[in-house]
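A quick write-up on the structure given underneath.
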Amino acid sequence: MAKELPYFKFEPTEYLTGDITLCSDSAQGVFIQLCCFYWSKSCSISLAIAKQRFNNCSDELNQLLEFDIIKVDENNYININFLDEQMETFISISSKRAESGRKGAKAKQLPSKSKANANIEEKRREEKIRVNNIKDIIERKNEFSLLTNQFKDSYSEKIVKEFIEYWTESNLQGKKMKFEMQKTFDINLRLKKWYENSLKFTQNSKPQNKTNNYTTNNFEYEDKL
Numbered sequence: 020m021a022k023e024l025p026y027f028k029f030e031p032t033e034y035l036t037g038d039i040t041l042c043s044d045s046a047q048g049v050f051i052q053l054c055c056f057y058w059s060k061s062c063s064i065s066l067a068i069a070k071q072r073f074n075n076c077s078d079e080l081n082q083l084l085e086f087d088i089i090k091v092d093e094n095n096y097i098n099i100n101f102l103d104e105q106m107e108t109f110i111s112i113s114s115k116r117a118e119s120g121r122k123g124a125k126a127k128q129l130p131s132k133s134k135a136n137a138n139i140e141e142k143r144r145e146e147k148i149r150v151n152n153i154k155d156i157i158e159r160k161n162e163f164s165l166l167t168n169q170f171k172d173s174y175s176e177k178i179v180k181e182f183i184e185y186w187t188e189s190n191l192q193g194k195k196m197k198f199e200m201q202k203t204f205d206i207n208l209r210l211k212k213w214y215e216n217s218l219k220f221t222q223n224s225k226p227q228n229k230t231n232n233y234t235t236n237n238f239e240y241e242d243k244l
C-alpha cells in the first residue's frame, strides 16, 4: 500500500472537533502513529498486533477503545473508520481503472486482429482470382484450339498446330492471349492468310532458312492483320 497510495487524507478541523480530543495528549500521539501503521498494512491489523506494536502504550490504547476512536470487530481486528472509508474508495477506483484498462487493451487488440484477418482474406481472394484466371485462360485456350481444329481437314496438322501455339501466347500478366488483343479475329480468315503466307514463304526461302524466316517474317505480318 505504501507504494500504491503512500498517503491518506487528514482533516485538521474534524480532528480538533472530534472525540479524539477527549483523550490524553499521549493517547492522541499513539493514535496518529497507529493510523500510519494501520494504513501501511492496508487497513488490516489485529488488536494483538497493535498491542504488540505499541506494547508500552497499553493505557493509551485502552483510551482509544473506550472512546470508540478505534473499534474491534468480531475477528478481533481493529477498525479506524475514516481510514477504512478512504481505503474502500481507493479499492473501488482502482478496480474500475483496472477494468477500464483491460477493456482498452482488448479494444486495441480487436482492430489488429480484424486487420490481420482482413489481410488473410485479401490474400485468399487474390489467390482465388489468380487460380480462376489460370483456369479461365486454359479454358479459353482449349476453346480456341477446338474452333481452330475444325479446319484441320483443310490444312496440315503442322499449320494448325503452329497457328494455335502462336495466337494463344499469353501476355506478361497471364490474363490475355495474343488473339484476344486483336481488334478483330476471324479464325477462318486468319488461318487462311496464315496458310497463304506459309506457301509464299516456302517458295521464296532457302531450305535451310525456311523455318527461321517464316517464324520471324510471317509472325510480324500476322500481328499487323
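For the sequence shown, this note's numbering begins at 20 and goes up steadily by one. Every residue gets a Cβ at the ideal spot worked out from N, C-alpha and C, and that includes glycine.
With C-beta atoms as the reference, is residue i less than 8 Å away from residue j?
i: residue 182; j: residue 213; result: yes
i: residue 102; j: residue 56; result: no
i: residue 88; j: residue 38; result: yes
i: residue 41; j: residue 109; result: no
Is residue i helix, strand or coil by DSSP?
i: residue 202; result: coil
i: residue 65; result: strand
i: residue 57; result: helix
i: residue 99; result: coil
i: residue 195; result: coil
i: residue 90; result: strand
i: residue 173; result: coil
i: residue 25; result: coil
i: residue 114; result: helix
Using the C-alpha atoms, what's the distance from residue j back to residue i?
i: residue 7; j: residue 161; result: Limits of the chain in this structure are 20 at one end and 244 at the other, which puts residue 7 out of reach.
i: residue 194; j: residue 174; result: 29 Å
i: residue 158; j: residue 220; result: 33 Å
i: residue 73; j: residue 64; result: 13 Å
i: residue 66; j: residue 134; result: 58 Å
i: residue 76; j: residue 32; result: 26 Å
i: residue 62; j: residue 98; result: 8 Å
i: residue 90; j: residue 84; result: 6 Å
i: residue 166; j: residue 137; result: 43 Å
i: residue 21; j: residue 144; result: Because residue 21 carries a pLDDT of 49, less than 50, the predicted location of this residue cannot be relied on, and no value is offered for it.
i: residue 203; j: residue 222; result: 29 Å
i: residue 19; j: residue 155; result: Outside the displayed range of the chain (20 to 244) lies residue 19, so it cannot be described from this structure.
i: residue 142; j: residue 149; result: 10 Å
i: residue 94; j: residue 79; result: 22 Å
Please determine, among the options, the residue with the shortest C-alpha to C-alpha distance to residue i.
i: residue 48; options: 82, 136 and 144; result: 82
i: residue 58; options: 222, 207, 107 and 152; result: 107
i: residue 29; options: 140, 40 and 54; result: 54
i: residue 199; options: 189, 40 and 46; result: 189
Are the C-beta atoms of residue i and some chain D residue less than 8 Å apart?
i: residue 145; result: The displayed structure is made up of one protein chain only, and chain D is not part of it.
Mind listing, in chain order, the continuous alpha helix (DSSP H) runs of no fewer than 4 residues lying wholly within the stretch 142–169?
The alpha helix (DSSP H) runs of length 4 or more contained entirely in the stretch 142–169 do not exist; there are none.
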